[in-house]
Amino acid sequence: MKPLLSVRNLSTRFDTFDGSVYAVNDVSFDLKAGETLAVVGESGSGKSVTMLSLLGLLPRSTWVTGSAIFAPEGFELDLLSVSKAELNSLRGNKISIIFQDALRSLNPVMTVGEQITESLITHHQYNKNGAHKRAVELLEMVGIAQPDKRYYAYPHMFSGGMRQRAMIAIAISCTPDILIADEPTTALDVTIQAQIVELTRRLQQDLGIAVIWITHDLGVVAGLADRVMVMYGGTGVEIAPVDLLYENPGHPYTAGLLGAIPSIAGSSADRLVSIEGAPPDLFQEPRHCQFAWRCRYVFDRCWKEKPPGYIISPGQVVKCFYDGREKTPRVEE
Amino acid sequence: MLRYLLSRLISSAALLLGVLFLVFMLLHLTGDPVSLMVSRYASPEDIEALREELGFNRPLLVQFGDFLSGAFQGDFGSSFRYRQPAMDLVLQRIPATIELASVALLMAILMGVTIGILGGSNPNTILDSIARGIGLLGQTIPTFWLGLILIIIFSLRLGWFPSFGRETFTFLGLTLPDQSIVLPAFALSLFTTGQLARFTRSAVMEVMNEDYVTTARSKGLKKKRIYFKYILKNSAIPLISIIGVQFSYLLSGSIYIETIFSWPGLGSLLAEAVGTRDFFLVQATAFFTSLVVIGLHLLTDLVYVLVDPRIRYR
Amino acid sequence: LILSLLAITGCGRPDAADDTVTGDEVPAESVLRVALQTNPNTIEPATGDTRTASNVAWSIFNSLVWLNDEGVIVPALAESWTLSEDGLVYTFKLRQDVVFHNGYPFTADDVVFTWERGRGSGITYRESFLAVAEMVKIDNYTVEARVEAPNAFVLPLMNEHWGILSKQYHEEVGEEGYLKHPIGTGPFKFVEWLAGDRIVLEAFEDYWEEGYPKVDRLIYRPIPDTATRFAALINDDIDIVSNLGPEQADAIETAENVSLVTYGQDRVFYVAFNNMSTGIGTPIEDKLVRQAMSYAIDYDAIIERLFDGNAERISGFIIPGNLGFDPSITPYPYDPARAKELLAEAGYPDGFTIQMAGPAATYTNFEQVLQAVVGYWAEIGIQVELEFMESGKYWELQANRELPPLFGDSWSAGTGEAYPRLIGSVGGEDASYAAWLDPVLVEMIREVEKTADSVERGKVYTRIMQYMHENPPFIYLYAPTAFEAINNRVKNYNPRISEQYFLKGVSIE
Amino acid sequence: MITMKEQRNENNKNDLTGLLIDEESDRNIRARLWYIWRLLWRDKSGLIGLIVFLVIIFSAIFAPMLAPHDPLKIDLHASRQPPIWTEAGNPEHILGTDNLGRDLFSRIIYGSRVSIMVGFLGVSIAFSLGMMIGLFAGFKGGRTDNLIMTVTNMILALPYLVFVVFIAAVLGRSLLNVVLIFGLTNIPIFVRVTRGEVLRLREEGYIEAAISIGQKTPAIIFKHIMPNLIGPLITLATFEMSAMIFYEAGLGFLGLSVPPTVPSWGNMLAEGRQFLTVFPWMSIYPGLAIVITGFSMNLFGDWLRDVLDPRMRRMKK
Amino acid sequence: MEKLLRVENISKYFDLKSGLFKFGGAQVVRAVDNVSFELYKNQTLGLVGESGCGKSTLGRVILRLQEPTSGTVYFEDTNLSLLKPEELRRFRIKMQIVFQDSYSSLNPRHSIGEIIAEPMTIHTRMTQHEIRARTYELLNLVGLKPSHASRFPHEFSGGQRQRINIARTLALYPSFVICDEPISALDVSIQAQVVNLLRDLQKELGITFLFIAHDLSMVKYISDRIAVMYLGKIMELAGSDLLFANPLHPYTQSLISAIPIPSPQEERMRKAVVLEGEVPSPVNPPAGCVFHTRCPVADDLCSSSEPDYSEHNPGHFVACHYAAVRRVE
Ligand SMILES: Nc1ncnc2c1ncn2[C@@H]1O[C@H](COP(=O)(O)OP(=O)(O)OP(=O)(O)O)[C@@H](O)[C@H]1O
Ligand SMILES: Nc1ncnc2c1ncn2[C@@H]1O[C@H](COP(=O)(O)OP(=O)(O)OP(=O)(O)O)[C@@H](O)[C@H]1O
Ligand SMILES: [Mg+2]
Ligand SMILES: [Mg+2]
């Protein structure tokens, strides 16, 4: 089956006064219809920029290269080369996105309801009344009590969880093919996070939306994702089906991440596995493995070239010259 | 909401009281006004008698008390020079000044906000530099100098506008100024235009970086909608609170502009009253100017509350 | 917001301008528009505190007598008058055909009332009324004015400040009401006064002088700024502008629609010395020093450069045109060498340092003149610390005799005689603004007061002039030339040296 | 942020030497200066502002050396000469002369002294007193703070110029008075900014950290608050300085500024005003001097604000 | 076990109104409401709870960085509330705090060396040389290099900054350190570095920790005992293994069940209790048991009367009418 979205060699560079920032480097991944892809990585690893690049939402003086073939039923186009107008007609319609901080993502001077109707009116020629009715339905769908009243509320009158629900309502209002959720629960409490995760999962099943879920919480990923992409220093260092990744991480960084989480069941006597050092500086164009600074298996080659993607098991692609299983540098076939 | 209103009202009243006190004290520091009031030929006894009559030889606080109770009854004393109740003189002049300041404010808003938006939404472009330049220029050209230059160019050389005075016409029962207001209002407005351009520019720049604007773009909304409903509406909020302050600048600036353009408003009255140290008249002028300013502050606060839903339900 | 503000503004002044007419709206009506330099405080002669104010007032009011264009006192509301032998009683026969603007008849009661009111402590020119000790109504059209000692200035003072008020109307509206809406017997009647904006007068159809006034409407517009006044004139927005700067004369001469009117003024600009308070013990008490300082100034350069030649050299407080002027007395020439000699003679070969004050923004170019004067003094070694004060404060200090040893000022005289400026500035202890006390001089001034005969008085004046030249209490700087400009459609405009104007005869083409 | 490469290199070095540390701090100072230079270079308007500003200060300080004539020297025979580039221009007087024949160029140079003095001293007064009161209010909190802020806001709500004019008229003309007026009337704005900053800084973790390690209050103010306060206040100061120069001109116009014998831009404007129609240069050049000075100070102030406010810097990308 | 610190009935209310003119009834935030517990020497007490439930405030009040509204804190035998400001300032040598925000708790204008040396210059008479030596020692202790002393905070990564914070708190050998969410702002790969460091330090120096966090799994890893807070009150307190094995309070139960497990199989097996609704505002806390609005097993009793906070089993404190009676499932 053809993937719904197929991103190839996506790179994004910001030109700033202090120099160029190489925020995303050579990211490739596929997204199938209806599946959930989790993108994990630490702060600054390029998760958000990757997604914003796809939607053309980055500021001026940004350079995006690569391709992103979006192929829902009926048509096919490259998100990175279509016209602005065409992209605009997809945004919020076929592809929508929700952000981490729901309060700051909602217009403070517009009612929540009006913000939901906007996409409907823009993309689906709803009239005012129809849009209103639909918006109330959507509010109800995302679990907001008294939706007809809450329609007229302003964002600041909602609690954190409710705002995120409202954001979800906006995002799914046009029943998109892809929903990108950029750390939607990071700002929320554990108990509220559980509510939102639950809600998204339910809506995804009901509506058959493909979800890209960005997070740095490996716990959330475990329960939510079909496949996982791990990002480090702007590169997708590993992509794998979720079980495979947790059982058998192919990249030293992935392994490090998993080791850094204490397990509830585990004993407190064990030391946590920590990755020494700090994330890389993105001001230099990467010419070698970005993780080399911190990698305990680093050897000469790591400093000389960028590792290509090695398929180490079905569906598991790793960008690393070191073969963890064999405990030797990888040999080229 | 009501409570907010009430507390704003009370603090405004307190503010006014403070203003009265300040004006009163400052004036009394200037020395004795009586000697100014009498004729060139008056004898010392006459002066003493007048001083007695007007009560200037009593303790300051008592005088202040008197002054306050008078003020509450709308009695600000008589202008020495004009021999008329100070309040009448002031009331007569207030409309012209408010008219001038309002038109200037309107001009400033039209020009300043437009310039600010153009600059702010295209940061670091030529357009932005021009916008910043105009903004700065407005803030650095001395107001009265600008006024004179305008007279020379547009009145003397080109003859497009009258150089002085306030002419009016009546329309739908309203007395409105004719083109005679153009030059003075423009000269007066330029400073505020500059300020507003700057504020707008930075407000727009700030709003443009807000997540909700990115969200709006991610919804695939039309550019126009994003501009009006997201960027403008949100940048307007900080601007509202500035407008009160700007109006107060405009009222202040009218001291120069009204003198130059012979605009019959409070500013020229004040310049005159200060020059002749017309005790009660200065007091009344300063008080009513402050009253207008404070009133406007109150008004902008209320508008603020209406426009920004975040405050409304406090 | 703005709209509502405008609305408030609009509603606040329903009467603002619906009936004001500007220039060409109604062609049938002739309108004379006059620019004023300052805002009058009142438009009533006894309280209007500036020339500007009283000139407006004299369009509305009449006195018993007035000065004709030759500078001679002639009857006005008084048909005729007689003076008793002892010079103590003036008997005025009043005109019987005169009515006030509101139709009230003019009678002796009004004259007596005007006198009574004028003696009130709040009246600016109270002195003018105090000069008459008693005012008695003989019958409806006869009054007697009694003075305590013979005083040559009773009639000139009447001319200057006695605008006859209507007693009845004053009783009806009170003092404030009167000043707000003045009623007189003059050629124009009051229509409206928008403070700071305009004063509108209208021809009084029942005016007692046949054939006057010549225009239907008279509008005064206060325009404080020189450049603005100039622009208004060139733009045909104003018909008569006074107090122009000399530097604008050229520009006006080249303009087609306006012409320049120049005339000498009965005003003396001077630097005063103080020997009554702050000047005591300073070098300026020495006559030689004062003479030296007089020699040190290049008056011609000042007049040439700062006034484009448009001012008169003067040799004293009594100037050409004043009674008793002696042309044989010549002004001090510019002679720095002589000045140095005198200074050395007085014991100050290296000069000295002294303070001086001047009023700020009051007279044309006067601040610059004083600065130039100070510059010249510096050249003979006298260092002067010059301070300009806001005029209100300045006159307050002057009245309290707290000004520094030197100060610059000017004094006019509206009567054709130098008496007012003499009595005011060197008239002895009682004179409020005097800083110089010279008993000889005071004695001579008293003599002027007592001498009713003008020829005799002239002789006294000449003596005074001589004395004040030898023994100068002032540095006599110049008598200015006034610049006025009129639109070419204005006819019969005759400004007068006394700075007192009547516009009743002015017509518009 | 320090790159790992550097860290690695450092591992090879022999640490623990005082020498190294001195070298490091030296590197730091130079790096900072270099950084500031780069910031100036990339925002040219700030650079221009700074340069013009420095030129003006320079000319104010060295006025006696720079001015070709005595600014007070009256020469009636040389009065009203137009600037050198007009036909009637006199090479003696570059910008021409005024009504009393004083050299305009020299007067403008000397005038910068008054302007800078008014601006500098005025701001110094407002700055120092305002900062002290603001610090006090912000730190004391409670009723004291409320009272101070009520008074401050009250004064800020007044029509500013009306009061400045009023006070100036009361006090009379002198440089000291002008400085005092601007200095004193601008205290509230410094109070407000200082207090706002103090309240913000008090929330900063490092202040709480300083309290938690038992630091004394004066030390907290001087070591932790003040250095961080200086930035915003200096930015404000540049703006206020240009505003004061602007307002000085206004006072000059009303005849309320420094005595007319002192060459100040405001006075020159006021004197030239009546000749504007006939000898326009008398007021145009002092006017330009005011505009250029204000412009440069504002440009520099804008730059400073952008640089000092990390939020703004990020916005500029 | 030896007690180091005793907190008795401590409360902290914030007054929301300010200004010269106040209208209407006082609005107070009950940030911490009648909390009592004890801390044992050389142990770590974990404190968890949702955002805004008063954890940081409790920490600050214990150290008297904020004055409590009521209640007392005993440090060994000293009643901290009775100390005069100057005494308190000196007392601070013994108790320190590591703040949540590693970025803002270091003055950007001071070098690392100055920052770490500050406590020593305040409280000791050490010479410059001694201070420098101790600074290097501390830097080594927290895994940084002495050459870093002359650098400025912005040159360090979050983890390194947090280490600098820790070095500063350790400068004067404190016996008690509050760690207020020291790792929340850090990246996952860095978190472990700091947690390992804290545990090592405790072992080496015998420090007592109050470890505040909202990440239950991390708290469990580092703490000997755990207290669970909700809306300003402690709901449950017990030894960490005990708490996880047998949570008595419905809130604790749902919290534990909501922790995502980083293992796909287990995560799929987990039956989470998803609590309904939102956390009520501390300005207007619900009557009765503050948790009753979201509690799946609450009844009328819960909404009317407030449960006692009492020792249900030895060492296991809980505030619930139905502790161990009803379980959420
Ligand atoms: N407009 C921009 N200009 C310059 N650099 C940028 C810009 N936006 C992002 N970056 C840089 O790009 C890099 C990747 O940022 P991104 O927001 O994608 O990280 P992230 O993985 O989403 O992190 P987080 O978990 O904190 O959201 C960061 O180093 C960031 O500083
Ligand atoms: N100075 C203050 N004034 C008023 N309210 C305050 C103040 N400090 C804290 N609060 C309120 O007290 C409550 C508890 O705050 P606290 O910071 O202790 O929560 P927390 O549990 O540390 O939260 P987080 O996990 O977000 O750090 C919150 O509702 C907060 O809004
Ligand atoms: Mg992100
Ligand atoms: Mg906290």
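Chains as they are written, first to last, in the numbering used here: chain A, 1 to 333; chain B, 1001 to 1314; chain C, 2001 to 2509; chain D, 3001 to 3317; chain E, 4001 to 4329.
Backbone N, C-alpha and C define an ideal beta-carbon position, used for all residues, glycine too.
Keep in mind the model is a prediction, meaning the values are calculated, not measured.
- Scanning chain C for C-beta atoms nearer than 8 angstroms to the C-beta of Q3274 (chain D) yields T2226, A2227, G2245, E2247, reported in chain order.
- Taking 7 angstroms as the cut-off between beta carbons, none of the residues of the stretch 2465-2479 of chain C comes near chain D.
- Judged by their CB atoms, D3075 (chain D) and S3106 (chain D) are not nearer to each other than the 8 angstroms cut-off.
- Think of a sphere of 8 angstroms around the beta carbon of G1295 (chain B): no beta carbon from chain D falls inside it, the nearest being about 11 angstroms out.
- At a threshold of 7 angstroms, P2224 (chain C) does not count as near ligand 1, since its beta carbon sits no closer than that to any of the ligand's heavy atoms.
- DSSP, reduced to helix, strand and coil, places W2208 (chain C) outside both helices and strands of the structure shown, so it counts as coil.
- Counting along the chain, the unbroken alpha helix (DSSP H) around G3130 (chain D) starts and ends at 3104-3140.
- The continuous beta strand (DSSP E) containing V4029 (chain E) extends over residues 4028-4040.
- For Y3285 (chain D), no Cβ of chain B is located within less than 8 angstroms of the residue's own Cβ.
- Boundaries for D148 (chain A): no beta strand (DSSP E) harbours it, while the alpha helix (DSSP H) harbouring it runs 147-150, taken from the DSSP string.
- Beyond the five residues adjoining it in sequence on each side, S2242 (chain C) comes within less than 6 angstroms, by CB distance, of E2484 in the same chain, given in chain order.
- Out of E:G4232, E:A4227, E:L4231, E:I4234, the CA that lies nearest to the CA of F4244 (chain E) is found in E:A4227.
- Nearest in C-alpha terms to F4099 (chain E), of all of E:R4161, E:Q4253, E:E4002, is E:R4161.
- Any Cβ of chain D closer than 8 angstroms to the Cβ of F4099 (chain E) would place that residue at the interface, and such an atom is present.
- Neighbours of G3134 (chain D) across chain E, judged by C-beta separation under 8 angstroms, do not exist; the nearest C-beta is about 17 angstroms away.
- In the same chain as T1168 (chain B), and ignoring 5 residues on each side of it, the C-beta atoms closer than 8 angstroms to its own belong to T1175, L1176, P1177, D1178, in chain order.
- Those residues of the stretch 2365-2382 of chain C placed with their C-beta closer than 7 angstroms to a C-beta in chain D are E2367, Q2368, Q2371, A2372, G2375, ordered along the chain.
- If you check each beta-carbon in the stretch 4031-4065 of chain E against every beta-carbon of chain D, the ones closer than 7 angstroms belong to L4063, L4065.
- In this structure, F1191 (chain B) places its C-beta atom within 8 angstroms of the C-beta atom of T1143 (chain B).
- DSSP assignment within the stretch 4261-4322 of chain E yields the following whole alpha helix (DSSP H) runs of 4 residues or more, N-terminal first: 4264-4269, 4300-4304.
- When DSSP states are grouped into helix, strand and coil, P2336 (chain C) belongs to the helix group.
- Partner residues in the beta bridge of R4225 (chain E), as assigned by DSSP, are E:L4045, E:G4239.
- At a threshold of 7 angstroms, S4051 (chain E) counts as near ligand 2, since its beta carbon sits closer than that to one of the ligand's heavy atoms.
- By the Cβ neighbour-count rule, M51 (chain A) is buried, with 16 or more other Cβ atoms within 10 Å of its own.
- Separation of the CB atoms of S53 (chain A) and L10 (chain A) is rounded to 6 angstroms, and the pair is thereby assigned contact status at 8 angstroms.
- Taken through DSSP and simplified to helix, strand or coil, L2406 (chain C) comes out as strand.
- Looking at the DSSP output, G19 (chain A) shares a beta bridge with A:T16.
- Chain A has no Cβ within less than 8 angstroms of the Cβ of G4239 (chain E).
- The count of Cβ pairs closer than 8 angstroms, one atom from the stretch 162-171 of chain A and one from the stretch 95-109 of chain A, reaches three, so the stretches are in contact.
- Relative to V2289 (chain C), the option among C:W2115, C:G2351, C:N2310, C:P2404 whose CA is nearest is C:G2351.
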